[in-house]
Every structure is written in structure tokens, then in C-alpha cells.
Amino acid sequence: MWLWLPAAVMLLVAGCATPQWNTGFPEVHLQKPKSGALVIGVAQAEDSRASQVIGMRGRAELLAGPELGNYIERKFRNGLTDWGFDPVEALDPAKTSVKQPYKVLVVTLRSARFSWSGMLSGAAESTIGIAVKVYSPASKLIYSRDFTGNSSARAHMIKTGVAAGDLVAPAADEAVSSAFADPQFEKALR
Numbered sequence: 021m022w023l024w025l026p027a028a029v030m031l032l033v034a035g036c037a038t039p040q041w042n043t044g045f046p047e048v049h050l051q052k053p054k055s056g057a058l059v060i061g062v063a064q065a066e067d068s069r070a071s072q073v074i075g076m077r078g079r080a081e082l083l084a085g086p087e088l089g090n091y092i093e094r095k096f097r098n099g100l101t102d103w104g105f106d107p108v109e110a111l112d113p114a115k116t117s118v119k120q121p122y123k124v125l126v127v128t129l130r131s132a133r134f135s136w137s138g139m140l141s142g143a144a145e146s147t148i149g150i151a152v153k154v155y156s157p158a159s160k161l162i163y164s165r166d167f168t169g170n171s172s173a174r175a176h177m178i179k180t181g182v183a184a185g186d187l188v189a190p191a192a193d194e195a196v197s198s199a200f201a202d203p204q205f206e207k208a209l210r
């Protein structure tokens with residue numbers, strides 16, 4: 021009579037997947053470049069992480085998929101526009117034989133982590149790691165460096181994935197700002 025109980029428990033446990041939340045990020049509107057600005061190619065941001073899981077919120081996994089790479093890429097595009105460039109879409113020179121008539125920026129998302137200690141202390145910590153490369157018009161690598169951004173905040177409630185994204189975005193912003201603070205980065209672009 022009780023022979024069905026182990027099978028029912030196994031079926032129940034196997035059917036219980038870990039809940040997941042997609043992490044949303046703030047909208048980044050692209051700035052318009054000035055007329056006559058120096059053209060620079062920007063490849064679509066790559067993601068070399070083994071998993072899109074960046075952390076947990078309670079028992080749910082927080083995921084940061086392509087929207088995190090898009091957020092970082094848009095931040096780079098606006099930074100380039102601020103520096104007087106006209107960022108245009110380009111192919112990654114390491115992945116194509118098509119020559120491009122301008123330098124190309126390639127950004128790779130290497131790591132993303134988020135932790136939240138819960139409602140009692142409310143401490144939220146984020147870390148973003150990126151790799152930044154610049155290629156010459158001849159597809160020669162002329163700049164390569166990794167950057168990390170960290171952020172911490174207090175958040176007693178995280179009701180949505182967008183709220184988590186608002187806590188992760190400052191770490192991404194810091195990683196991007198670190199690249200723009202490197203004089204060798206600007207030298208490679210010009």
C-alpha cells in the first residue's frame with residue numbers, strides 16, 4: 021500500500037525547479053554624436069560567463085542575460101560620444117575576416133555577481149568584471165585590459181528583478197568608468 025509514496029516524493033522533488041527572476045536594468049538612451057565626429061566601431065557586447073545566474077534573492081536565482089551586456093555596451097557608446105566619437109555598429113575583428121575602415125572596440129562581460137543579505141540587514145553587494153579590447157583598422161589588437169566595478173547599497177526589500185538590476189547597474193557603471201579613466205584606453209582609441 022505504501023509502495024507508491026517513494027515514487028510520489030521523487031516525482032514531486034524532481035518537478036520542483038528553482039524559481040528564477042530576470043534582472044532588468046535601467047534604460048540607457050543613446051546620445052547623438054556631433055557632426056564630423058571620428059568614427060569608431062563598437063562590436064556587440066560579448067558574454068563569456070558560464071551561467072547567467074548572478075546570485076540569489078531568497079530561494080530564487082537572479083539571472084542577468086543579454087540585457088546586462090546591452091546596458092554596458094550602451095554606456096560605452098555614450099562615453100565615446102562624450103569623447104567626440106561617432107560609435108557605429110561593427111563586427112568583432114577576432115571573429116571575422118571582413119576589414120573595417122576604423123578602429124573597433126570590443127567589450128566582453130566576464131563576470132557578474134550579486135548578493136543580498138536579506139531584509140534584516142539589507143546589505144546588497146554587486147561586482148561586474150569586463151574585458152575591453154581595441155583593434156586597429158588592420159584588425160590588430162592594440163589595447164586589452166580587464167576592469168572591475170563594485171557597488172554596495174542597502175535594500176530591505178527587493179520586490180522585482182528590476183529592483184535587483186538597479187542595484188547591479190552601479191557596479192557596471194564603475195567598471196565602464198574605470199575603462200574611461202585609463203589614459204591608455206583613450207590613446208588606443210585616437
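For the sequence shown, my numbering gives the first residue as 21, with consecutive numbering after it.
Built from N, CA and C at the ideal position, the CB exists for glycine as well.
Cβ-based burial, residue i [other Cβ within 10 Å; buried from 16]
i	result
residue 146	buried
residue 118	exposed
residue 204	exposed
residue 109	exposed
residue 208	buried
residue 54	exposed
residue 93	buried
residue 171	buried
residue 56	exposed
residue 66	buried
residue 52	exposed
residue 144	buried
7 Å Cβ cutoff met for residue i and residue j
i	j	result
residue 164	residue 149	no
residue 45	residue 195	no
residue 187	residue 173	yes
residue 68	residue 128	yes
residue 62	residue 113	no
residue 167	residue 201	no
residue 38	residue 81	yes
Helix, strand or coil at residue i according to DSSP, with G and I counted as helix
i	result
residue 125	strand
residue 90	helix
residue 69	coil
residue 57	coil
residue 37	coil
residue 101	helix
residue 31	Note that residue 31 has pLDDT 43, beneath the 50 cutoff, so the model's placement of it is unreliable and the number below is only indicative. Three-state DSSP puts residue 31 in a helix.
residue 196	helix
residue 62	strand
residue 45	coil
residue 112	coil
residue 187	helix
Nearest-angstrom Cβ-Cβ length linking residue i and residue j, presumed shorter than 8 Å
i	j	result
residue 123	residue 152	About 13 Å; that fails the 8 Å criterion.
residue 58	residue 134	The pair is not a contact, with the Cβ atoms about 37 Å apart (cut-off 8 Å).
residue 40	residue 83	5 Å
residue 88	residue 191	With a Cβ gap of about 10 Å, residue 88 and residue 191 do not count as contacting.
residue 91	residue 126	That belief does not hold up - the Cβ atoms of residue 91 and residue 126 are roughly 16 Å apart, past 8 Å.
residue 50	residue 79	So it is not a contact: roughly 37 Å between Cβ atoms.
residue 100	residue 74	With 8 Å as the limit, residue 100 and residue 74 do not qualify as a contact, their Cβ atoms being about 26 Å apart.
residue 85	residue 72	5 Å
Opening and closing residue of the beta strand (DSSP E) in which residue i lies
i	result
residue 80	80-83
residue 147	143-155
Where the alpha helix (DSSP H) through residue i begins and ends
i	result
residue 204	203-209
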